[in-house]
Amino acid sequence: MKRNKVFITLLLSMALITVTSALWSCSSSPLEKAIKQALVQQDTTQARFDSICSIIKAYPERYKDYLTDDGQIDIAALASLIEEQGASLRPPMHWNVTQYGLQQLSLTIYFERSGSMVPYDAPGGRGQLKKAVNDLINHFPSGNVAINIVNDGIYPYQGSIDQFLQDRNIYASTQGVGNASFTDFQKIFNDILAAQRPGNVSVLVTDLIYSPADTRDVSVEKIFNEENSLATRIFKQYKGKSIIVHQLMGDYQGKYYPYNNQPFNYTGQRPFYLLVIADTPVMDAMAAGADYAQFMQPAALRNSYRFNQAEAAVDYCVIPDWKDNAGRFRVDHHDAARLTRCEGDKTTGIMCFTIAVNLSSMHKSAQFLADAANYQLHSTSGFTMKVVPVDQSMITGNNRSYLDGKTHLITLTGKLTEPRDEITISLANDFPAWIEQSTAQSDVNPGAPDFATTTLGLKEFLTGIASAFGSGGNYTTIKLHLER
Amino acid sequence: MKKQHLIYLIAGIVLTVLFYVMRVNAYEAVYAVSGFSDQLYNLGLYETIPLITIAVAWAMAGIYYYAINSVRFDRWYHWLVMLALVVLIAPIAGYAINSHVFDENGLSYATESLTFEMVNMMWAAVLFVVASFSMRWWSTNCRHTPIPQ
């Protein structure tokens, strides 16, 4: 009898444990568990993504919602599940997986071969222009690259990619291709944009000097106006495209062709440009993808600006324990942007807290992102902010989940004078000052102090693109709610 | 089987299930620290630790009323010995799992973990009382413990 009771008791206890364990283990599917684990362990790598995809492919019936009709992973559907799982964590975590759908991208280089471009690759120079193009080709992950020569039209490069990379004088070897006496921007851009297929990234290597045929006795203002209208007209037809203008400097040794058609010899530095053109979602994904980091940020980049960059949400979280923290607050479990029970320091009344934010997808220079002057801060209590980049030495075991994957720390300091405050931090998408500073109104005098750093009509051409896309607004906005 | 006793059993099960459903709120109402509590939540410890606590409380009550079930061990202080065992076993097991999971993830919250297990100790005691009053009625020798019927 007694043995029976012991047996029943143990059986009941085991049953209770088993039922609750079973309920617990059945609460989420293996796919959801794998995603959650990757997020919690901060292992948001391509390898981890591939392992998650393998779970979907192992159970195609169960996970058919995450497969396309042809059995491939539906990145958008999976991204949505990952976002949902990430949102259930504390703080909510994000993993941009759209970049993993980019393996099939192709790159088409359009190498301008006008008269004023030839001296950039003179044998005596350091060849920065050719190096920049070679780097673009080498850092493009898929390796699917085509090269064209452009001037009055677009002409396929006759050699192989290896020949191009090893070519010490690309202009000599492409002599006779097209008409180098002028560059027909209208034809070139129209052809590039019309030829671009989904998944194609085009890069125009150019000095961005608008040199139409026969400009004798034409005023420079007239050329500028024509250039501006031309840019607007071309790009207005392609609203779904994004364009990045990279400015780099290169040695220039040879004949320069100014707008008045009286060429002169010039030896020194001159700016040149890489115009990266792609569909906006492709550009967004490349900007977020680690594999494309070197492609998107060429070495020796002087200035850069992306046209048609929509306002995007960024991943951020308030760090609960941080060295600068002052006063008290509690981060809401369901809303990472809401701080409740806020109190200033007992002696000073000052409240200070830090948010970790990932600004890598903004595609801005480190200097730009670390300058608090580029941010607009609105707070009724008058909070102030400072920005510092995240340093690996800052990361410890306990703050890893807050700092991993984040690029900057924004520290907000102030006295909460009202019961509630909404702090808005915006990274303004202003037309960059460097474009104005890099624009020449005349290029007939090589002795001018800014000749080495300016380009004729640059601003007019780029404002033409800007008006086609309607630039402005913010790159991103972060809103924080503080409550006493 | 008296109807009233069955109601006690059902009420005990409902309370225990409710505790499990509301476990995060139950623990964080008493002790919540940003950072540590977030890690407990993300690493699934708010599932594992309450589960262990429930299992220990109900299993120890079951052992007391049906396995031990002895007239030599039916006084209120004998029941208190079982309660003491519950409030020791559940937090120790919880702390061991907590430390193991935190170590695996490179986290270090020793002080917070100890404080959390103090809270767990309290919930373990509550759950043991609930389990005792749910199942004692059918014990042949200990049904009057800790409070006579």
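Chains as they are written, first to last, in this note's numbering: chain S, 8 to 491; chain H, 274 to 422.
Built from N, CA and C at the ideal position, the CB exists for glycine as well.
1) Excluding the 5 residues preceding and the 5 following M517(S) in the sequence, name in chain order all residues of the same chain whose CB lies nearer than 7 Å to its CB.
2) Listing by chain order, which chain H residues have their CB less than 9 Å from the CB of N405(S)?
3) What in chain H is Cβ-close to R97(S), meaning under 7 Å?
4) Mind checking N255(H): buried by the 16 CB within 10 Å criterion, or exposed?
5) Would you please state the rounded distance, in angstroms, between the beta carbons of A343(S) and C324(S)? I believe it to be under 8 Å.
6) Which word fits G308(H), buried or exposed, when buried means at least 16 other C-beta atoms lie within 10 angstroms of its C-beta?
7) Straight-line CA distance for I325(H) to P396(S)?
8) For P327(S), return the contacting residues in chain H, with the cut-off set at a CB-CB distance below 7 Å.
9) Rounded to a whole number of angstroms, what is the C-alpha to C-alpha distance between N452(S) and A459(S)?
10) Assign P265(S) to buried or exposed, taking buried as 16 or more other Cβ atoms, counted over all protein chains shown, within 10 Å of its Cβ.
11) So, with DSSP's three-state summary, where would you put I365(H)?
12) Grouping DSSP H, G and I as helix and E and B as strand, with all else coil, what is P126(S)?
13) What residues are listed by DSSP as bridge partners for R345(S)?
14) If you draw a straight line from the C-alpha of I195(S) to the C-alpha of G160(S), how long is it?
15) In its own chain, which residues sit with a C-beta less than 6 Å from the C-beta of S405(H), not counting the 5 before and 5 after it?
16) Assuming A139(S) and G261(S) make a contact with CB atoms under 8 Å, what is their CB distance in whole Å?
17) Using DSSP's beta-bridge definition, name the partner residues of R313(S).
18) Below 6 Å CB to CB, which residues in the same chain sit around G131(S) once its five sequence neighbours on both sides are set aside?
19) Do C415(H) and D347(H) have their beta-carbon atoms positioned less than 8 Å apart in this structure?
20) Go to R335(S), then tell me how far its beta strand (DSSP E) extends in each direction, as first and last residue.
21) Thinking just about the alpha-carbon of each residue, which of I216(S), N207(S), P205(S) is nearest to the one in T574(S)?
22) List the residues of chain H whose Cβ lies closer than 8 Å to the Cβ of Q48(S), in chain order.
23) Along the chain, where does the beta strand (DSSP E) that runs through E429(S) open and close?
24) Could you tell me whether the Cβ of V532(S) comes closer than 8 Å to any Cβ of chain H?
25) Taking the beta carbon of M124(S) as the centre, do at least 16 other beta carbons fall within 10 Å, making it buried, or is it exposed?
26) For L114(S) and T391(S), what's the separation of their Cα atoms in angstroms?
27) In terms of residues, what are the limits of the alpha helix (DSSP H) holding Y178(S)?
28) Report the residue ranges of all alpha helix (DSSP H) runs contained in full by the stretch 95-165 of chain S; include only those spanning at least 4 residues, in chain order.
29) In chain order, which alpha helix (DSSP H) runs of at least 4 residues are fully inside the stretch 283-330 of chain S?
30) Exposed or buried, which one is W411(H) when buried takes at least 16 other CB atoms within 10 Å?
31) Kindly list the residues whose CB is nearer than 7 Å to the CB of G480(S), restricted to its own chain and excluding five residues on each side of it in sequence; keep chain order.
32) Can you pull the DSSP bridge partners for Y259(S)?
33) Using DSSP's beta-bridge definition, name the partner residues of A340(H).
34) Tell me, please, whether the stretch 36-52 of chain S touches the stretch 62-70 of chain S by the rule of three or more beta-carbon pairs shorter than 8 Å.
35) Give me, in chain order, the residues of the same chain whose beta-carbon lies closer than 8 Å to that of I177(S); leave out the 5 immediate sequence neighbours on both sides.
36) With the cut-off set at 8 Å, would you say A330(H) and F401(H) are in Cβ contact?
Checking against the coordinates, here is how it stands:
1) Residue 517(S) falls outside the range modelled here, since chain S spans only 8 to 491, and no answer is possible.
2) Counting from one through the first sequence, the residue named residue 405(S) turns up at place 398. In chain order: G308, F309, Q312, G379, L380, S381, Y382.
3) Looking up residue 97(S) in the first sequence gives position 90. Within chain H, the residues placing a beta-carbon under 7 Å from that of R97(S) are D311, Y314, N315, ordered along the chain.
4) Coverage of chain H is limited to positions 274 through 422, which leaves residue 255(H) absent and any answer about it impossible.
5) Residue numbering aside, residue 343(S) sits at position 336 when the first sequence is read from its first letter. Residue numbering aside, residue 324(S) sits at position 317 when the first sequence is read from its first letter. Yes, A343(S) and C324(S) are in contact; Cβ-Cβ is about 5 Å, under 8 Å.
6) As a working mapping, residue 308(H) is identified with position 35 in the second sequence. G308(H) is buried by the Cβ-count criterion.
7) Looking up residue 325(H) in the second sequence gives position 52. Looking up residue 396(S) in the first sequence gives position 389. Cα to Cα, the separation comes out at about 43 Å.
8) Your numbering for residue 327(S) matches position 320 in the first sequence. Within 7 Å Cβ-Cβ: S307, G308.
9) Reading the first sequence from its first residue, position 445 is the one you call residue 452(S). Reading the first sequence from its first residue, position 452 is the one you call residue 459(S). Straight-line Cα distance between these residues: approximately 11 Å.
10) The residue given as residue 265(S) occupies position 258 in the first sequence. That one is buried.
11) The residue you call residue 365(H) lines up with position 92 of the second sequence. It is helical.
12) For the purposes of this step, residue 126(S) is taken as the residue at position 119 of the first sequence. Note: P126(S) maps to helix in three-state DSSP.
13) On the first sequence, position 338 is the one that residue 345(S) refers to. For R345(S), which the question treats as bridged, DSSP gives the partners H488(S).
14) To locate residue 195(S), count along the first sequence from 1; it is residue 188. To locate residue 160(S), count along the first sequence from 1; it is residue 153. When rounded, the distance between both Cα atoms is 6 Å.
15) As a first step, residue 405(H) must be located in the second sequence, where it is residue number 132. Closer than 6 Å at the Cβ level, and outside the excluded window around S405(H), lie A334.
16) For the purposes of this step, residue 139(S) is taken as the residue at position 132 of the first sequence. For the purposes of this step, residue 261(S) is taken as the residue at position 254 of the first sequence. 18 Å between Cβ atoms; not a contact.
17) Reading the first sequence from its first residue, position 306 is the one you call residue 313(S). As computed with DSSP, R313(S) is found in a beta bridge with I251(S).
18) Counting from 1 along the first sequence, the entry for residue 131(S) is found at position 124. Within the same chain, G131(S) has close Cβ partners Q260.
19) For the purposes of this step, residue 347(H) is taken as residue 74 along the second sequence, with counting starting at 1. For the purposes of this step, residue 415(H) is taken as residue 142 along the second sequence, with counting starting at 1. Result yes, Cβ atoms of D347(H) and C415(H) sit closer than 8 Å.
20) Residue 335(S) sits at position 328 when you count from the first residue of the first sequence. Here the beta strand (DSSP E) through R335(S) covers 335-338.
21) Here chain S covers residues 8 to 491 and nothing more, so residue 574(S) does not appear.
22) If you number the first sequence from 1, residue 48(S) lands on position 41. Under the 8 Å cutoff, chain H gives N378.
23) Locating residue 429(S) in the first sequence gives position 422, where the first residue counts as 1. Its beta strand (DSSP E) spans residues 427-435.
24) Missing from the structure shown is residue 532(S); chain S here goes from 8 to 491 and no further.
25) The residue labelled residue 124(S) in the question sits at position 117 within the first sequence. Its Cβ being crowded by 16 or more others within 10 Å, M124(S) is buried.
26) In the first sequence, the residue the question calls residue 114(S) occupies position 107. In the first sequence, the residue the question calls residue 391(S) occupies position 384. Distance from the CA of L114(S) to the CA of T391(S), rounded to the nearest whole angstrom, comes to 44 Å.
27) Within the first sequence, numbered from 1, the residue matching residue 178(S) stands at position 171. Where Y178(S) is concerned, the enclosing alpha helix (DSSP H) stretches over 177-180.
28) Within the stretch 95-165 of chain S, the complete alpha helix (DSSP H) runs of at least 4 residues are 135-145.
29) Look at the stretch 283-330 of chain S and you find these whole runs of alpha helix (DSSP H), each 4 residues long or longer: 287-295, 300-303.
30) Start at 1 with the first residue of the second sequence, and residue 411(H) comes out as number 138. W411(H) comes out exposed.
31) To locate residue 480(S), count along the first sequence from 1; it is residue 473. Excluding positions up to five away in sequence, the list reads E318, N436.
32) As a first step, residue 259(S) must be located in the first sequence, where it is residue number 252. The partner list for Y259(S) (beta bridge, DSSP) reads G275(S).
33) As a first step, residue 340(H) is located in the second sequence; it is residue number 67 there, counting from the start. Looking at the DSSP assignment, A340(H) forms no beta bridge with any residue, so it has no partner.
34) These segments touch.
35) As a first step, residue 177(S) is located in the first sequence; it is residue number 170 there, counting from the start. If we look at I177(S) and ignore the five residues flanking it on each side, its Cβ neighbours are F118, D128, K137, F171.
36) Here residue 330(H) is taken as the residue at index 57 of the second sequence, counted from 1. Here residue 401(H) is taken as the residue at index 128 of the second sequence, counted from 1. Yes, they are a contact pair.
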